[in-house]
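These notes are about the structure you will find just below.
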Amino acid sequence: KKHGFRGMVIQRVHYAIKKELAGKQQLEFRWRQQDDQRSEIFTHVMPFYNYDVSYTCGPDPKICCEFDFARLVTHKECEWNGV
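The sequence shown begins at 1128 in the numbering used here and counts up by one.
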């Protein structure tokens, strides 16, 4: 935070931790370092379990696939309903 960041997003978290945070509706929180309790930064953990476009834009892979512009260039079909 002292370098001007107002928030951060974390994607790569073990699925069990994501499941725990999601169950408690705590995917967004203020991160504090143990050695500096005065400094904190808003943090969001991405809730989905995969790292490609089909899963990272939202909970419905069929809709996410429509926004996979790399797929459009390669003319590859979505694996969901042939979109």
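The beta-carbon is built from N, C-alpha and C at its ideal position, and this holds for glycine as well.
Secondary structure of residue 1139, DSSP reduced to three states: To locate residue 1139, count along the sequence shown from 1; it is residue 12. Of the three classes helix, strand and coil, the one that applies to residue 1139 here is coil, per DSSP.
Three CB pairs or more closer than 8 Å across the stretch 1191-1200 and the stretch 1159-1173: Fewer than three beta-carbon pairs drawn from the stretch 1191-1200 and the stretch 1159-1173 are found closer than 8 Å, and the two stretches are therefore not classed as touching.
Beta carbon of residue 1155 nearer than 7 Å to that of residue 1171: One-based indexing of the sequence shown puts residue 1155 at position 28. One-based indexing of the sequence shown puts residue 1171 at position 44. Yes, they are a contact pair.
Identity of the residue in 1143, 1150, 1174 nearest residue 1137 by Cα: Along the sequence shown, read from residue 1 onward, the residue named residue 1137 stands at position 10. Restricting attention to 1143, 1150, 1174, the CA atom closest to the CA of residue 1137 is found in 1174.
Residue 1169 beta carbon less than 7 Å from that of residue 1134: For the purposes of this step, residue 1134 is taken as the residue at position 7 of the sequence shown. For the purposes of this step, residue 1169 is taken as the residue at position 42 of the sequence shown. For residue 1134 and residue 1169, yes; Cβs fall inside 7 Å.
Rounded C-alpha distance that separates residue 1164 from residue 1153: The residue given as residue 1164 occupies position 37 in the sequence shown. The residue given as residue 1153 occupies position 26 in the sequence shown. A straight-line Cα-Cα distance of about 19 Å links residue 1164 and residue 1153.
Cross-strand partners of residue 1163 (DSSP beta bridge): One-based indexing of the sequence shown puts residue 1163 at position 36. By DSSP's assignment, residue 1163 forms a beta bridge with 1160.
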